[in-house]
Structures are given as structure tokens and as C-alpha cells.
Amino acid sequence: MKIATYNVNGVNGRLPVLIKWLKEAKPDIVCLQELKTPDEKFPQESLEAIGYNAIWHGQKSWNGVAILTKNGCAVEAIYKGLPGDPEDIQSRYIEAKINGIIIACLYLPNGNPAPGPKFDYKMAWYKRLLTKARRLIKKGTPVILVGDYNTVPTELDAHKPERWVNDAVFFPEPRAAFQKLLKQGWIDAIRTLYPEEKLFTYWDYFANAFKRNAGIRMDHFLLSPDLKDFLSGGGVDKHVRAWEKTSDHAPVWIEITDQ
DNA sequence: ATGGCATTTAAAAAATGA
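Be aware that the first sequence starts at -7, since it is given in the numbering used here, and climbs by one per residue.
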């Protein structure tokens, strides 16, 4: 089973790119972030026309997450929103059990400018995620925590780490929080597959960042330990970043063999 | 230290992202 994550940066504005990639990559499950659309404008019909069902959790203008599944996938136990703060109205979390695996699709706050209230919100969100993740990993069900973490875990995950030292994606606090997730037992799937490679999932639109491969790795698959032996492949669909009207992120995918 | 670009909303320019 092929599972992908893609920060589309506007699901309607990028719909031709998303559809072109779906037809080419044929993933079974896709986690999307940054829909930037109210729920009623989610392009459900266009996606169903090419064989994908969807569940989504959107809001006007900003944020928004969705999970696409190929027709025939069994989707149950759907939850929208990350628990822990009833005041939080930002759409950044959606979870469902799909073909027996719990898929949690997340869009972690960016946190810039840092320090400041947006950075405080990022770290508060991380704290809630750590609580949720601990509960999920104790369930004994296979779980994948996947999405845009807005976190560059180590220096290996940046083309030029010094360019990011004043950015919230590279601050020590989110990096420490990401390490806390790993200490809970979660497995960074892409880093496990490519232990020493400089692999990126995001490149700035400006300064020719993509052509210079001046990227960072921020989109991650965290697997519950019981899935480790079933991880059989993965990668970044980097070429999609070169398409017209494309997102600043590229799709990332993994392959999980039948358990 | 700043801005480079691109989105959304909405009708110009602001807010947001990373």
C-alpha cells in the first residue's frame, strides 16, 4: 500500500497539479495539507472523477487538511481537530482508520515570526500532539502520524542549516519536540530508508531555491513500531516541484507491505 | 538585516507562509 503526503498550498489553485500527480503516482492514501478553502469549496467531485474519495477538515483562506483514499478503501473512525484546546479553531488535524491502519494527517503551525505568539502556539500545539501521539502508540494498532511538521529535525535535513537558524522551523524547541516523538517510539520512515542522504521536501519559491536544491525536509511519516518491518520503500516525488503552478512542497510517499 | 515569491480574499492591498 502506497501512502503519500503533500502540502498542496491551496487545493483549488493547485488542482491541475494535484490531479496530474495523482494519476501518475497512483497512491492508495494521500494526506493533504494547506487546503486554503472552506469546506463547501473542497473539490470533491473532481477527485471522485479520478477515483478518490475524501474526508476533509477545512476553513476559509488558511490551513485545512484532508485524506484521500482510492475507491474501495475502508474508512472508519474519523476525527477532526487535535484535542486539548477547545479555543483552537485552526483546521490542522484529521484522523481516520483506513484499511486497518490509523492515519493521522497533520499540519503543524509554522511558528514564525519567532519568538512570539505564533511560536508559542506552535509549541502548545506540539505539546497537544505529544499527548495525542502517546495515546495512539499505546493502542497497539498500527498508526502513521504523517504530514507537514514545519520542523527540520537535524542539520542533515537542510541544504544550508545556517540559513534557517532564525526560522521557527529550525529553532531548538520544535526540534526537541520532534525528538520527543521519536523517544516515544515513533519511527521517522524516510530517514530510516535513507540514513545519510540529504533529502528535501520543501524549496523556497524565491532565489532559484529549487534549481540550487536549496531545500529542507519538513514533511514526515512517523510510524508506530509495529509497522517497522513492513516499510518497504519510499521517496520524494521531487520532479513535481518543477511543474507549472506547483506547490513549494513536493509529494512524499512510503510503501507499506501487507501485514 | 531584508527580501526574494505565491497564495487567499476581494477588488487594492493586507495577511500568511517558511
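Ideal Cβ positions, reconstructed from N, Cα and C, are used throughout, including at glycine. Just so it is clear, the structure is predicted and the values come from calculations on it, not from any experiment.
{"Item": "State yes or no: is the C-beta of residue 29 within less than 8 Å of the C-beta of residue 50?", "Value": "yes"}
{"Item": "Is it buried or exposed for residue 212, if we count other Cβ within 10 angstroms and need 16 for buried?", "Value": "buried"}
{"Item": "Within the same chain, show all residues whose beta-carbon is closer than 6 Å to that of residue 202, passing over the 5 residues directly before and after it, in chain order.", "Value": "195 and 233"}
{"Item": "When you compare the CB positions of residue 208 and residue 149, do they come within less than 8 Å of one another, or not?", "Value": "yes"}
{"Item": "Determine, using beta-carbon pairs with one atom in the segment 80 to 88 and one in the segment 97 to 106, whether at least three such pairs fall under 8 Å.", "Value": "yes"}
{"Item": "For residue 236, tell me which candidate among 197, 146 and 225 has the shortest Cα-Cα distance.", "Value": "197"}
{"Item": "Would you say the segment 124 to 133 touches the segment 171 to 191, given that touching needs at least three Cβ pairs under 8 Å?", "Value": "yes"}
{"Item": "Taking all protein chains shown into account, decide if residue 26 is buried (16 or more other Cβ within 10 angstroms of its Cβ) or exposed.", "Value": "buried"}
{"Item": "I believe residue 104 touches residue 159 by the beta-carbon criterion, under 8 Å. Please report the beta-carbon distance rounded to the nearest angstrom.", "Value": "6 Å"}
{"Item": "Report buried or exposed for residue 145, applying the criterion of at least 16 other Cβ atoms within 10 angstroms of its Cβ.", "Value": "buried"}
{"Item": "Contact defined as beta carbons within less than 8 Å: I believe residue 177 pairs with residue 129. What is the distance between those atoms, to the nearest angstrom?", "Value": "6 Å"}
{"Item": "At which residues does the alpha helix (DSSP H) containing residue 165 begin and terminate?", "Value": "164 to 176"}
{"Item": "State buried or exposed for residue 238, treating a residue as buried only when at least 16 other CB atoms are found within 10 Å of its CB.", "Value": "buried"}
{"Item": "Output needed for residue 76: all residues of its chain with C-beta closer than 7 Å, excluding positions within five of it in sequence on either side, in chain order.", "Value": "120 and 123"}
{"Item": "Helix, strand or coil: how does DSSP classify residue 194 here?", "Value": "strand"}
{"Item": "Between which two residues does the beta strand (DSSP E) containing residue 213 stretch?", "Value": "211 to 215"}
{"Item": "How should residue 20 be labelled, buried or exposed, when 16 other C-beta atoms within 10 angstroms of its C-beta is the threshold for buried?", "Value": "buried"}
{"Item": "Got a sec? Which residues, its chain only, sit under 7 Å from residue 39 by beta carbon, not counting five neighbours each side?", "Value": "46 and 60"}
{"Item": "The beta strand (DSSP E) spanning residue 46 covers which residue range?", "Value": "44 to 49"}
{"Item": "DSSP three-state call for residue 251: helix, strand or coil?", "Value": "coil"}
{"Item": "What number of angstroms, rounded off, separates the C-alpha of residue 2 from the C-alpha of residue 12?", "Value": "15 Å"}
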